[in-house]
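In our numbering, the protein residues as written are 57 to 385.
This is the structure we're talking about:
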């Protein structure tokens, strides 16, 4: 029997049916979302402030989603490894991740030749916490103020060594900003976390450490270390005895922002669901109470405002870096 030719009209109708079926399938999946556990990537190790926030958030998100939220730590390369996993994940809403600003937005230009992700491959969802920077010394340190530290550097530049947790991170940039304001050059050493830096500080191996308020507050309250400055526009209640940099004549503000993002091509309906869930968690008084106990200031920035925040920060920091690279410092 001779085969009948397929008309162009039939071919077009078949193609349209395939597209419609595919579209309906995607829409149906989005409407039913979520139907299985969600993976939450944390780009730093267990026990740190980012991990702690993630696990508390996951607990409340599970109540809203009706599915488990499984925290997966993927530390490495200062957070880059986890963000590569996030960028490359299937954009179906079953992988979300913590992003840490300003680190997530500086790697695409400070590591331009080697970085494994771009900001176009992830879609910011919401900021949750903005954690002010703190410069602290040991409790028995002779330095009582920023001016004392500046004078020491002017008299002997090698006498002061300050720690940070990675080149281009918020604490490193805060220290560089302070040095620029003071007209001095600082010596730095990098540690893998606040615990390591604190041990080195208390052991007399460094002069001061740059960290975040949530990491330093308990040690300041216990009298183990003394805060010289908090890099915010006003004093922080948890460490109200610590003056701001501005009070001491140094116009420095710095903070670590911690929020969530998804792979860039996640369906809009899924994105909206995750955004609604995030809003419910962040506005939950019980969640806020847990954050307050950990001295993590909740500072929600939702949806497109958070997208703009991350991209504006990238553009501003890239312009600064092109003018005066900090990568070798």
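Where a beta carbon is used, it is the ideal one built from N, C-alpha and C, also for glycine.
This structure is a prediction, so every number in the text was calculated from the model and none was measured.
**Request:** State the DSSP-derived secondary structure class of residue 308, mapped to helix, strand or coil.
**Result:** Reading the chain shown from its first residue, position 252 is the one you call residue 308. Of the three classes helix, strand and coil, the one that applies to residue 308 here is coil, per DSSP.
**Prompt:** Tell me which same chain residues have a C-beta within less than 6 angstroms of the C-beta of residue 93, skipping the five on either side of it?
**Reply:** Numbered from 1 along the chain shown, position 37 holds the residue referred to as residue 93. Same-chain partners within the cutoff: 123, 124, 126.
**Request:** Could you have a look at residue 291 and say whether DSSP puts it in helix, strand or coil?
**Result:** Here residue 291 refers to the residue found at position 235 when the chain shown is read from its first residue. Coil at residue 291, not helix or strand.
**For residue 349, the nearest candidate out of 337, 293, 280, 372 (CA to CA)** = Within the chain shown, the letter at position 293 stands for residue 349. That would be 293, whose Cα lies nearest to the Cα of residue 349.
**Request:** Check the C-beta distance from residue 286 over to residue 188 and give it rounded, since I have them as a contact under 8 angstroms.
**Result:** Your numbering for residue 286 matches position 230 in the chain shown. Your numbering for residue 188 matches position 132 in the chain shown. Confirmed, Cβ separation roughly 5 angstroms.
**Request:** Apply the 10 Å Cβ neighbour rule to residue 102 and answer buried if 16 or more other Cβ atoms are within range, or exposed otherwise.
**Result:** To locate residue 102, count along the chain shown from 1; it is residue 46. Exposed, because fewer than 16 other Cβ atoms sit within 10 Å of the Cβ of residue 102.
**Request:** Spell out a yes or no on whether the region 298-309 and the region 253-267 are touching, meaning 3 or more CB-CB pairs, one atom from each, closer than 8 angstroms.
**Result:** no
**Message:** Per the DSSP calculation, residue 358 is bridged to which residue(s)?
**Reply:** Here residue 358 is taken as the residue at index 302 of the chain shown, counted from 1. Residue 358 pairs with 182.
**Asked** Can you give the Cα-Cα distance for residue 222 and residue 330, rounded to whole angstroms?
**Response** Walking along the chain shown from the start, residue 222 turns up at place 166. Walking along the chain shown from the start, residue 330 turns up at place 274. If you draw a straight line from the Cα of residue 222 to the Cα of residue 330, it is about 31 angstroms long.
**Message:** My output table needs one value for residue 282: the three-state DSSP class, helix, strand or coil.
**Reply:** Locating residue 282 in the chain shown gives position 226, where the first residue counts as 1. Looking at residue 282 - three-state DSSP - the assignment turns out to be strand.
**Item:** Supposed contact pair residue 231 and residue 218 - C-beta distance, whole angstroms, cut 8 angstroms
**Value:** Counted from its first residue, the chain shown places residue 218 at position 162. Counted from its first residue, the chain shown places residue 231 at position 175. Contact between residue 218 and residue 231 is confirmed by a C-beta separation of about 5 angstroms, below the 8 angstroms threshold.
**Prompt:** What residues in its chain sit with their C-beta under 7 angstroms from that of residue 80, if we drop five residues either side in the sequence?
**Reply:** Taking the first residue of the chain shown as position 1, residue 80 is located at position 24. In this predicted model, residue 80 has a pLDDT of only 48, less than 50, meaning its place in the structure is not dependable; the value taken from the coordinates is given anyway. Contacts found: none.
**Item:** Minimum C-alpha distance to residue 1 - residue among 237, 347, 169
**Value:** With the chain covering only 57 through 385, there is no way to say anything about residue 1.
**Request:** Taking residue 128 as part of the alpha helix (DSSP H), name the residues at either end of that continuous run.
**Result:** Residue 128 sits at position 72 when you count from the first residue of the chain shown. From DSSP, residue 128 is part of no alpha helix (DSSP H) but of the beta strand (DSSP E) over 125-129.
**Prompt:** Taking all protein chains shown into account, do 16 or more other C-beta atoms lie within 10 angstroms of the C-beta of residue 177, making it buried, or fewer, making it exposed?
**Reply:** The residue given as residue 177 occupies position 121 in the chain shown. Counting Cβ neighbours within 10 Å, residue 177 comes out buried, since at least 16 surround it.
**Message:** So, under 8 angstroms CB-CB, residue 284 and residue 193 are touching, yes? Tell me the CB distance rounded to an integer number of Å.
**Reply:** Translated into positions along the chain shown, residue 284 becomes position 228. Translated into positions along the chain shown, residue 193 becomes position 137. The Cβ separation is near 6 angstroms, so the contact holds.
**Length at least 3, wholly inside the region 146-174: the beta strand (DSSP E) runs in chain order** = 151-157
**Request:** Specify whether the region 308-321 and the region 155-163 touch according to this definition: at least 3 beta carbon pairs, one from each stretch, less than 8 angstroms apart.
**Result:** A contact between stretches requires three or more CB pairs, one per stretch, nearer than 8 angstroms, and the region 308-321 meets this requirement with the region 155-163.
**Prompt:** Terminal residues of the continuous alpha helix (DSSP H) containing residue 337?
**Reply:** As a first step, residue 337 must be located in the chain shown, where it is residue number 281. Segment 324-338, the alpha helix (DSSP H) holding residue 337.
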